[in-house]
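Q: Dumping the structure here so I can ask a few things about it.
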Amino acid sequence: MIQRIYVRKKKQYRQAEERLKLKLEEIIKGKIESAGIYNRYEVEGITEEEFVKATATIFSEPPVDNIYKDAPKGNIIIGVETLPEQFDQRADSAKQCVTVLTGKDDVAVRYAAIYALCGNFKKGDREKIVKFLINPAECKEVDLGISEDFEIKESEEKTSSVIEGFTFMSSGELQTLGENLNLVMNIGDLKFIAEYFKSREHRDPTITELLILDTFWSDHIRHTTFKTNVKNIEIQDGKYTQPIKEAFDAYLDMQEEVYGKNRKHPITFMDMATLPMKALQKEGKLERLEITKEVNAAGIRTDVEVDGKNEKWIMFFKNETHNHLTEIDPFGGAATCLGGCIRDPLSGRAYVYQAMRVSGAGDPHAPFEKTLEGKLPQMKIVTESAKGFSSYGNQIGITAGQAQEYYHDGFIAKRLEAGAVIAATKEKDIIFEKPKEGDLVILLGGRTGRDGMGGATGSSAKRDSKKIKDFSSQVQKGNPLTERKIQCLFRRKEVTKLIKKCNDFGGGGIAVAVGELADGVYINLDMVQKKYEGLSGTELALAESQERMAVVVDRKNAQQFIKYAGEENLEASVIAEITDSHRLVIHMKGEIIADLSKDFINTSGTRYCRNAKIIDAKENGYFKTKNIKDIKKTWIDSMSELNNASQQGMAEHFDSTIGANTVIMPFGGKYQKTPADGSIVKIPLVKGTTDTASYMTHGYDPYLASWSPFHGAAYAILLALTKLTTLGSNWRNAHLTLQEYFKKLTSEQDWGTPAAALLGAFYMEKELGIASLGGKDSMSGTYDDIHVPPTLIAFAVNIGKASEAVTQEIKKEGNALVLFKQTRKQDEMPDLEIFKKHADFIYKEVQKGNIQSMKAVDAGGIAVTLAKMAFGNRIGAKLTDEIKAEEYFTNSYGSIIVETDNENAKRYLQEEETVLLGTAKAGIFEIGTEKITLEELQTSYEKTMNDIFPQYAKDEKKDVPELPENETKYKANIKIHTEKPQVFIPVMPGTNCEVDVARAFEKAGGKTDTFILRNRDAKELKESVKEIANRIRKAQIVMFPGGFSAGDEPDGSGKFIAAVFRNTLIEEAFEELLHKRDGLVLGICNGFQAIIKLGLVPYGEFKPLSENAPTLTFNTIGRHVSKYVTTKIVSVKSPWLSLCKVGELHNIAISHGEGRLVASKEQVLEWAKNGQIATQYTDLEGKATYDPVYNPNGSVYAIEGLTSKDGRVLGKMGHSERCGTNIAKNITGKKYQPIFESGIKYFKG
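In terms of full-length UniProt numbering, the sequence shown opens at residue 1 and continues consecutively.
As structure tokens, then:
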């Protein structure tokens, strides 16, 4: 029987409805009375009694939700649900929760969002609203009646369909076949295949075989464009092409040096990109390079200082794009962009801990009605992709140190969605071995479905105005919780030492991932774990379902590996065997559906030659000097330009503090307003401390690249290296990885565009003596006759010391601001000798500790960069007249603004091309007779994107009534004293802070015990519950860590944990812990969300979540918020706060989407009377406030932390564990809060 319920937020919690109403009014150009949002759940497989219980604990939250049995009413009713073959995290999490509640495996849950709109609508309004709400590539309008069943249709394809007569088809017939099958290979490839099968295989291919070859030979996988022989490159004579000619000549000379004079090597884009690396290798200058053909990521060997001793580690770094998939499904495409990027170094058994996002779009303010046919509105692409990328990374637990988006009309052709990650592992913990005959291949991780069919080939194709729904099969839906589990599994050395070789499931699915592991492979598709039945052999072989790994192990180790996977709650099964056949053989249901020669696959199809023509850039282009008539107006206006304006509202979606290793926050200073020049994160350790950190920056300017791809690439590298310098890193030890993205190439001039860009990168690498060790190309940035800007993004990475990191906000009034000016030659190329001198000098000053702050001059020039430096601490400058007004607004990549004391400044000004810009002064910039306040500049800076990514929720302008403070210390009467209290840390699907809190407790003197709940079936779940209860009985402290249990679904955080812990065995263990053994409980972030739903706070015991109970719900701003907040100790009654003082202020990291505490006034006053309100959000002066700048989730009475009545259970949103030496160096205030030490001290007496 299918049962159904509708859930809507109570009136006071309908902020999402209000935001939707305003957006729809903008779209239909009319008023709407109300826009109701209902969550509809349909459930099959449980009793009515179980459904009632699930409704109150899983599908709704009584304090904030209303429940309805009848369908909502309105003038327009629209239901939306995920396409049946796509992963729906809300439905999946709901199903897991119901299974926990009922103990039943065969439960089915279907979810739909129902929109009930009331108002006087015009003809055509419904269609506009549907277009806005429904992206046909990922979801559909749902029938509002009761579903008849939840089954997914079986494929109609026969498993072993042979293409009869293929080898004798004419060119026309082959062309028609290719179009019918949506192949991206060309007619030459099809002829090549036909001839091969006719002469070598003596048969016709199957559909599966043809599609496998199409995938293997796609640009996405085999980089066919980058490997094309560019036989002739013609470079037009001109002012700006002379350095291109010189670079091309140098490239040809380097080819001879590397390959030998007697060996003619073809000119390819791939060779241009990799030749500097090969040259440095030949010269013995890349001794740290980790050379392995297995890992699809660049790697370098490095020393990592751990507790004062050096250890040998390998650091991997990788960049990736998901442009096509993000264009058609912004949330899913961006999420799996990061997921795919992570899995490349993860396949090298390295722990991925640091990420950067670089994206590109058209103007998101473009009117809805101007959206091109077959496309989504830019605003929707921009906002949903940010949610997708951040949601995936936040759930996995990867530090996102920087997120930056570039706006250019060319990105209307196709979005840019790029991610870059860094991973690290101990060198001794991994092995790289060639697989041998008889080794087994294990499929690890997610199950296989129809999602992602043709993703690799679709990414290689040109887009046109074809309907977006035609691409729905290519959409990939990620499950970050599974990827998190793989991360944790591969962090165990006993696991990684079993793995001979590993490949992630990127483009091409099982056929490619397993097929690439060895020269011969036999795959048995019958052993593949499926999301649902009815999948054909082709679908199983090529589906790009996410979060899967293909792992090669020795036959004798297979079961041990599968056992380890089970301990991490992961599915794993043997699906293939390594053979010596030199063939890729795929078997299903007693038939061979593919049997291909690996030698033939490795030909990559027909080889082509192309010619390229590079044209000169236009005179008076990008570097043209502006005529400044009114410097104040120009400066204020410049701050609001789309690519200069603040992106803080977007960047705060991304968790920047997970791992407790963030050296600099994305926004620094007392007011957290100065954007950092890059990302610095300490190497992730499970135990011990380190000062070793990885630095990552990027450089790119779409307008400069559009003017001259050669100059654009050169300055991209220069800017990335300049930013490394301003972060305090030695640029000479840097390594690059490049991201290329160009239009679909047809003409010789088209081919000249990437040729020019790659020669620009080559020139810089050669002249600077550094190399790109990795990269990724995407060659399909065309939509009809619109093209993406010629894109080469340079990512620069380095290893350095966290203690040497320099931040970007001006620190002190009276300090000098010195400009290290990057000069340009007549051809507008940078004078690299000047850059080298400046960067080398600056790094020496960093090591001496003489530099207070510095920032690379970025888009907008010196003026915009100065303002950004000023915002963090609200310190501007009195500027000199050393440079002209025009120079403040001229692009000056490579220039650096340095803050130092006046004595050092005198020395700095003796250096070549340095200028005294001015002296730091609070609140204002003075230039000549003009006075420009920082408030004026900041208002302009923040207004542009505020309607797309609001920085703050609406300020209600309410005061928080003053609450009594409680200085009474907890009087302990401990029955059991111990010098090393045991801390039990349960890990649920989605928990991601268990390592961080374990380290904090162990540092405080505790002993930690971590247990991973396993719920792959009801039997495992039952055993896990019993084990959790046993471990609670052995512990003195239970710690609920942060994360996203079950993805914070269904529509609310902590529900999965609450469902697990309401088991009678666990309740009894808690009763004994709290009331017989005087134990302690702590819940942080997601853990707080769980214990308040259980009733442990504020009641100190398990209680049902009643309609009037306090709870934590969505932030009033309606999004995730990651930043630092100031909190005040209000009561020290709890043993958790025994080492704190009332009134003490701490700056604490927060990262949550549901941190808003809701409760009645009467409840709050009762808590205050009892001393249960532990901490409050305050302004910088320590006053509790509703101001969303300081209370970002809108918590009632600004409450951040709450205890049980006896104080032994504490819940708080702030991550007190995320602190340490050289952590968040650009954040002021006291960041250490001794709650872990207090908890351990409690048991020591």
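Think of the CB as a built atom: it goes at the ideal place given N, C-alpha and C, for glycine as much as any other residue.
#1: Strictly by DSSP, which residues pair up with SER1151?
#2: Please report the Cβ distance between THR448 and SER545, rounded to the nearest whole angstrom; I am assuming they are in contact, meaning their Cβ atoms lie under 8 Å.
#3: Can you tell which of ILE244, VAL98, ASN180 has the C-alpha that lies nearest to the C-alpha of ASP827?
#4: What runs of the alpha helix (DSSP H), each 4 residues or longer, lie entirely inside the segment 333-411?
#5: In chain order, what residues of the same chain lie with their CB nearer than 6 Å to the CB of residue 1312, ignoring the 5 residues before and after it?
#6: Please name the residue in THR371, ALA350, ILE1129 whose C-alpha comes closest to that of VAL421.
#7: Give the DSSP-derived three-state secondary structure of ASP143 in the structure shown.
#8: Using the Cα positions of LEU1096 and GLY119, report the straight-line distance between them to the nearest angstrom.
#9: Leaving out the 5 sequence neighbours to the left and right, which residues in its chain are closer than 6 Å to TYR251 when beta-carbon positions are compared?
#10: Could you please give me the residues that DSSP links to MET549 through a beta bridge?
#11: Run through DSSP, which three-state label would GLY688 get?
#12: Taking its Cβ as the centre, do 16 or more other Cβ atoms sit within 10 Å of HIS408, making it buried, or is it exposed?
#13: Between the Cα of LYS855 and those of ILE810, TYR970, GLY348, VAL230, spot the shortest distance and give me the residue it belongs to.
#14: In or out: ASP637 buried (at least 16 other Cβ within 10 Å) or exposed?
#15: Exposed or buried, what is PRO1188 when buried is set at 16 or more other beta-carbons lying within 10 Å of its beta-carbon?
#16: Are the segment 723-730 and the segment 763-778 touching, with three or more C-beta to C-beta distances below 8 Å?
#17: Is ASP22 buried or exposed, if buried means 16 or more other CB atoms sit within 10 Å of its CB?
#18: So, LYS723 versus GLY678, is the Cβ gap smaller than 8 Å?
#19: Label LYS743 either buried or exposed according to how many other C-beta atoms from any shown protein chain fall within 10 Å of its C-beta, with 16 as the threshold for buried.
#20: With distances taken Cα to Cα, identify the nearest neighbour of LEU758 among ASN186, ASP271, ASN75, TYR115.
#21: Looking only at its own chain, which residues have a Cβ that is under 6 Å from the Cβ of LYS158, when we skip the five neighbours before and after it?
#22: Around the C-beta of ASP70, are 16 or more other C-beta atoms found within 10 angstroms, so that it is buried, or is it exposed?
#23: Please confirm if the segment 537-556 is in contact with the segment 366-380, defined as three or more CB-CB distances below 8 Å between the two stretches.
#24: With a 10 Å radius around its C-beta and 16 neighbouring C-beta atoms as the bar for buried, classify ILE851 as buried or exposed.
#25: Considering only C-alpha positions, which residue in the set LYS414, ASP439, ASN296, ALA424 is nearest to GLY507?
#26: Just the Cα atoms here: how many angstroms apart are ALA1149 and LEU1137?
#27: Out of TYR259, GLU967, ALA1004, which has the shortest C-alpha to C-alpha gap to GLY1143?
#28: Would you list, in sequence order, the uninterrupted beta strand (DSSP E) runs of no fewer than 3 residues that lie entirely inside the segment 560-605?
#29: In this structure, how does DSSP classify GLY478 when only helix, strand and coil are distinguished?
#30: So for LEU1145, helix, strand or coil by DSSP?
#31: At the level of alpha carbons, what is the spacing between ASP125 and GLU26?
#32: Pop quiz: LEU416 and THR321 are said to be a contact at Cβ under 8 Å. What is the actual Cβ separation, rounded to whole angstroms?
#33: Can you tell which of ALA54, ALA558, LYS1003 has its C-alpha closest to the C-alpha of residue 1246?
#34: Mark TYR406 as exposed unless 16 or more other C-beta atoms lie within 10 angstroms of its C-beta, in which case mark it buried.
A: In short, the structure shows the following:
#1: By 1-based counting over the sequence shown, the position of residue 1151 is 1151. Per DSSP, SER1122.
#2: Taking the sequence shown and counting its residues from 1, one reaches residue 448 at position 448. Taking the sequence shown and counting its residues from 1, one reaches residue 545 at position 545. That pair is a contact at about 5 Å.
#3: Residue numbering aside, residue 827 sits at position 827 when the sequence shown is read from its first letter. Among ILE244, VAL98, ASN180, the Cα nearest to that of ASP827 belongs to ILE244.
#4: 378-396
#5: Look at the range of the chain in this structure, 1 to 1245, and you will see that residue 1312 is not part of it.
#6: Against the sequence shown, residue 421 aligns to sequence position 421. Ranking THR371, ALA350, ILE1129 by Cα distance to VAL421 puts ALA350 first.
#7: One-based indexing of the sequence shown puts residue 143 at position 143. ASP143 falls in the coil class under three-state DSSP.
#8: On the sequence shown, position 1096 is the one that residue 1096 refers to. On the sequence shown, position 119 is the one that residue 119 refers to. About 44 Å.
#9: To locate residue 251, count along the sequence shown from 1; it is residue 251. Excluding sequence neighbours, TYR251 sits near PHE762.
#10: Within the sequence shown, the letter at position 549 stands for residue 549. LEU444, ASP504.
#11: One-based indexing of the sequence shown puts residue 688 at position 688. In this structure, GLY688 counts as coil in the three-state DSSP scheme.
#12: Your numbering for residue 408 matches position 408 in the sequence shown. Counting Cβ neighbours within 10 Å, HIS408 comes out buried, since at least 16 surround it.
#13: Working through the sequence shown from its first residue, we reach residue 855 at position 855. Cα-wise, what sits closest to LYS855 is ILE810.
#14: Stepping through the sequence shown from its first residue, residue 637 is reached at position 637. By the 10 Å Cβ count, ASP637 comes out exposed.
#15: Within the sequence shown, the letter at position 1188 stands for residue 1188. So PRO1188 counts as buried.
#16: no
#17: By 1-based counting over the sequence shown, the position of residue 22 is 22. Here the sequence assigns Leu to residue 22, which means Asp is not the residue at that position. Label assigned to LEU22: exposed.
#18: Reading the sequence shown from its first residue, position 723 is the one you call residue 723. Reading the sequence shown from its first residue, position 678 is the one you call residue 678. Against a cut-off of 8 Å, the Cβ pair of GLY678 and LYS723 comes out as a contact.
#19: Within the sequence shown, the letter at position 743 stands for residue 743. Buried: at least 16 other Cβ atoms inside 10 Å.
#20: The residue you call residue 758 lines up with position 758 of the sequence shown. Checking every option, the nearest Cα to that of LEU758 belongs to ASP271.
#21: Your numbering for residue 158 matches position 158 in the sequence shown. Because LYS158 sits at a pLDDT of 47, beneath the cut-off of 50, its placement in the model cannot be relied upon, and the following sentence gives the value as read from the coordinates. Here the set comprises nothing.
#22: Residue mapping note: residue 70 aligns to position 70 of the sequence shown, counting from 1. So ASP70 counts as exposed.
#23: no
#24: Mapped onto the sequence shown, residue 851 falls at position 851. Buried, since its Cβ has 16 or more Cβ neighbours within 10 Å.
#25: By 1-based counting over the sequence shown, the position of residue 507 is 507. The shortest C-alpha separation from GLY507 is found at ASN296.
#26: Locating residue 1149 in the sequence shown gives position 1149, where the first residue counts as 1. Locating residue 1137 in the sequence shown gives position 1137, where the first residue counts as 1. If I take the Cα positions, the gap works out to 18 Å.
#27: For the purposes of this step, residue 1143 is identified with residue 1143 of the sequence shown, where counting begins at 1. Per the Cα distances, GLU967.
#28: 572-578, 583-588, 591-597
#29: Mapped onto the sequence shown, residue 478 falls at position 478. Coil at GLY478, not helix or strand.
#30: The sequence position of residue 1145 within the sequence shown is 1145, counting from 1. Strand at LEU1145.
#31: Here the question's residue 125 lines up with position 125 in the sequence shown. Here the question's residue 26 lines up with position 26 in the sequence shown. Near 11 Å, if we compare the C-alpha coordinates of GLU26 and ASP125.
#32: Numbered from its first residue, the sequence shown carries residue 416 at position 416. Numbered from its first residue, the sequence shown carries residue 321 at position 321. Their Cβ separation, rounded to whole angstroms, is 7 Å, which keeps LEU416 and THR321 in contact under 8 Å.
#33: There is simply no residue 1246 to check, as the chain begins at 1 and stops at 1245 in what is shown.
#34: Position 406 of the sequence shown, counted from the first residue, corresponds to residue 406. Per the 10 Å Cβ criterion, buried.
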